[in-house]
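Numbering-wise, the sequence shown is residues 1 to 504 according to the working numbering.
Structure, as structure tokens:
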Amino acid sequence: MNEDTPYLRNHWSMVVSSILKVLLALAFIIVIAVANGMPAEILPYYALFISLILALVVVWNIIIWKKTRYYFLDDEIVVLRDTVFRKELRIQYERLASVNVQRDFICRILGTAKLAFNLNSNVNVSQAEAFIVLKEEDAEVLRKDVYKRMFQASNGTVGTDDGTDVPDTDSEVMIQPQYAGAGVTPLEDAEPLVHISTFDIFLHSIIGMPSIQALFGVLMAIYSIVTFFMQGAISILPLVILIAEFVLPAVGTFIRYYGYRLVRVGDTVSVSSGLFSTRSDSFKLSKVNFVRVREPLFCRLAGRAILEAEVVGTANENGIPLLCPTKKKDIVMGLFHDLLPEFECNEVHEKQSKTSLATIGLYMAVYLSILAVITYLISSLNLGVWGILLYIAVVILVVYIAVWGFLAYRNYSLAMDEDILKIVTGAYDRSVNYVLFDKIQYATVRSSPLQRRHGDGRCKVSMLSSRGFTEILSGVFKAEVLEKISATVMARIRDGRYDFRRYQ
């Protein structure tokens with residue numbers, strides 16, 4: 001790499017976006033200062049100080065934009081920032097997990113797109129290792145070229161127009177935008193694997209959230225309505241809780257997943273969605289660590305389920321990638337079978353040991369004791385109609401806890417074959433986790449004194465994830481069964497069944 005090496009630079013919209021964010025923050029500060037009665041004689045100096053800060057922000061962002069260069073070489077990406085401090089970041093194509101496309105509101109107005117380059121590491125818990133902002137058409141061309149280099153680095157091949165791979169005979173070619181990603185089948189032209197309607201997204205935003213959150217939102221709504229009719233005014237605190245814990249998360253989920261689209265070309269899957277800001281995540285199926293079929297309470301009652309996959313390198317702060325929002329369970333399982341058949345496990349399930357009832361009973365005793373104290377306090381106060389409503393609420397909670405205990409014992413189960421570990425967790429919100437043994441970092445078995453006496457225990461399985469790491473805690477089973485998890489992982493390494501090349 002020298003002075004003559006071609007390079008790319010961020011689109012100027014990145015500078016505009018950064019300045020606008022600072023401008024909004026400064027405007028908010030000014031409004032607060034004026035609202036608090038800032039003296040008129042100080043206001044000019046305050047405005048001058050704010051103007052100087054804005055000017056420095058503008059100059060600094062222009063310098064960063066001017067001094068940051070992106071080199072897309074044969075075997076790696078080099079990001080060079082030569083400002084006051086020199087910073088050089090090198091990313092090898094073979095280490096890339098995905099190249100995602102993000103378009104916020106400003107990008108959509110100016111016709112640009114942000115490419116996010118993600119590695120298989122826990123560095124990208126909240127953001128990718130590198131970003132570049134280009135015109136939308138140039139970003140798409142570059143994305144295809146980078147994917148071509150990723151497959152070339154992994155397989156020693158390059159793609160052809162018919163979707164097949166041939167040996168690389170042009171390894172000296174420099175990646176340039178005009179190459180237009182030859183040999184990469186466009187994901188945007190592929191047919192969606194499942195039809196997701198706006199109504200599906202609406203349902204997902206409400207019944208896809210944890211049941212306790214949805215129930216709490218419903219109770220706050222009922223409380224606000226009852227208060228309005230009984231007192232002629234809405235209680236502010238329950239309304240604020242309703243908006244913060246139920247309405248805003250539901251609206252945010254709807255905006256984030258609006259226009260959801262899932263396509264597959266070869267072994268590459270692309271997930272795109274967004275109402276105001278769009279995001280497109282593309283990843284190879286070999287990068288998937290585990291698959292989860294999630295069934296919150298209201299989803300189960302409606303006969304629906306949600307399909308998710310943990311993919312290292314997605315850099316998605318909103319959680320693990322969603323493969324299918326809430327749909328009929330047979331549709332979700334059909335998609336799972338067609339898209340990721342290697343994750344299926346049909347072995348007979350191990351049911352929880354009866355010693356788990358002791359732990360479940362202890363939790364139930366604690367919860368019921370708290371309710372007993374609340375009931376005693378209610379009985380000592382003269383609350384009138386409100387007291388009756390609180391008694392009804394206590395009865396409902398007692399039933400809720402009793403059903404929770406039953407489901408917590410019944411739902412937890414465990415199964416495994418040579419390749420897959422299947423762990424079923426959750427009481428009201430049931431989750432079925434399908435984990436590749438080769439993606440498990442470690443598994444620990446722990447036992448309480450009572451469990452140890454009966455030869456039982458619980459297993460915590462840890463894996464690398466897009467959020468740094470993720471853990472799955474099993475129910476209570478025979479310790480000798482749980483110890484087979486670590487034994488299987490080590491046996492696959494020793495006898496050669498584990499091959500890291502399968503997951504590149």
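Built from N, CA and C at the ideal position, the CB exists for glycine as well.
Nothing here was measured: the structure is a model prediction, and the numbers come from that model.
Determine whether the beta carbon atoms of residue i and residue j lie at a separation below 7 angstroms.
i, j, result
"Leu110", "Ser224", "no"
"Asp476", "Ser356", "In the sequence as displayed, the identity of residue 476 is Val instead of Asp. Result yes, Cβ atoms of Val476 and Ser356 sit closer than 7 angstroms."
"Leu134", "His11", "yes"
"Arg294", "Lys328", "no"
"Phe131", "Phe276", "no"
"Pro296", "Asp429", "yes"
"Pro325", "His195", "no"
"Pro321", "Val271", "yes"
"Lys484", "Ser413", "no"
"Ile378", "Gly387", "yes"
"Ile207", "Phe298", "yes"
"Val263", "Ala190", "yes"
Rounded to a whole number of angstroms, what is the C-alpha to C-alpha distance between residue i and residue j?
i, j, result
"Ala393", "Phe406", "20 angstroms"
"Glu418", "Glu342", "11 angstroms"
"Arg458", "Leu24", "50 angstroms"
"Glu137", "Lys114", "11 angstroms"
"Leu323", "Ile306", "8 angstroms"
"Thr268", "Phe283", "6 angstroms"
"Met463", "Phe72", "31 angstroms"
"Pro192", "Asn118", "24 angstroms"
"Met333", "Ser235", "44 angstroms"
"Arg108", "Val34", "34 angstroms"
"Ala443", "Glu344", "21 angstroms"
"Ser247", "Ile255", "The question names Ser, but residue 247 in the sequence shown is Val. If you take the alpha carbons of Val247 and Ile255, they lie about 12 angstroms apart."
"Ala408", "Ala309", "24 angstroms"
"Asn2", "Ile331", "54 angstroms"
"Thr5", "Glu129", "22 angstroms"
"Phe49", "Asn36", "18 angstroms"
"Val79", "Lys66", "13 angstroms"
"Tyr376", "Val226", "24 angstroms"
"Thr253", "Arg261", "15 angstroms"
"Arg410", "Val461", "21 angstroms"
"Ser380", "Pro238", "24 angstroms"
"Val146", "Ala402", "55 angstroms"
Please work out which residues of its chain come closer than 7 angstroms, Cβ to Cβ, to residue i, disregarding the five sequence neighbours upstream and downstream, and give them in chain order.
i, result
"Ile374", "Val394"
"Arg492", "Phe437, Asp438, Tyr498"
"Ala528", "A query on residue 528 cannot be resolved here, the shown segment of the chain reaching from 1 to 504 and no further."
"Pro177", "Any reading at Pro177 must be qualified, since the residue scores a pLDDT of 35, below 50, and its modelled position is unreliable; the value itself is stated next. Closer than 7 angstroms at Cβ, skipping near neighbours: Asp138, Val141, Leu142."
"Trp404", "Ala427, Tyr428"
"Arg19", "Here residue 19 is Ile; the residue named in the question, Arg, does not match the sequence. Cβ within range, chain order: Val57, Val58, Asn61."
"Ile30", "Ile50"
"Val15", "Asn61, Ile62, Trp65"
"Gly274", "Arg256, Tyr258, Gly259"
Could you say which of the options lies nearest to residue i if we only look at CA atoms?
i, options, result
"Ala47", "Pro249, Lys67, Leu414, Leu26", "Leu26"
"Asn289", "Ile472, Ala415, Val22, Arg81", "Ile472"
"Leu56", "Val22, Glu76, Arg86, Ile42", "Val22"
"Tyr400", "Met364, Thr5, Arg430", "Met364"
"Leu482", "Ile222, Gly455, Glu347", "Gly455"
"Val489", "Lys460, Ala33, Ile440, Tyr409", "Ile440"
"Phe85", "Ile388, Val263, Ile64, Gln231", "Ile64"
"Ile222", "Ser448, Asp75, Leu242", "Leu242"
"Asp338", "Gly266, Leu397, Leu20, Ala427", "Gly266"
"Ala250", "Ala487, Tyr7, Phe202, Ser486", "Phe202"
"Ser98", "Val59, Lys144, Thr83", "Lys144"
"Arg446", "Asn36, Phe228, Arg494, Glu480", "Glu480"
"Arg103", "Gly387, Ser413, Lys148, Arg279", "Arg279"
"Val311", "Leu301, Arg292, Arg300", "Arg292"
"Asp75", "Lys66, Thr83, Lys87, Gln92", "Gln92"
"Ser211", "Ile50, Ser353, Leu301, Ser486", "Leu301"
"Arg453", "His349, Lys478, Leu52", "Lys478"
Quick one: what's got a C-beta closer than 6 angstroms to residue i's C-beta in the same chain, skipping five residues either side?
i, result
"Thr68", "Arg81"
"Val435", "Phe290, Leu421"
"Ala358", "Leu450"
"Ser17", "Ile106"
"Leu8", "Tyr70"
"Ala182", "Bear in mind that the predicted position of Ala182 carries a pLDDT of just 36, short of 50, making it unreliable; the figure below should be weighed with that in mind. Contacts found: none."
What does a CB cutoff of less than 8 angstroms around residue i pick up in its chain, not counting 5 residues either side in sequence?
i, result
"Glu588", "Because the chain in this structure spans residues 1 to 504, residue 588 falls outside the shown range and cannot be described."
"Thr198", "Tyr258"
"Glu347", "Ala415, Met416, Asp417, Lys422"
"Glu41", "none"
Segments assigned beta strand (DSSP E), at least 3 residues, entirely inside the segment 34 to 91:
68 to 72, 76 to 82
At which residue ranges does the segment 216 to 277 contain complete alpha helix (DSSP H) runs of 4 or more residues, listed in the order of the chain?
236 to 242, 248 to 257
Which runs of the alpha helix (DSSP H) fall wholly inside the segment 398 to 458 and span at least 4 residues, in chain order?
449 to 453
Output the residue ranges of the beta strand (DSSP E) runs that lie fully inside the segment 314 to 380 and measure 3 residues or longer, sorted by chain position.
322 to 328
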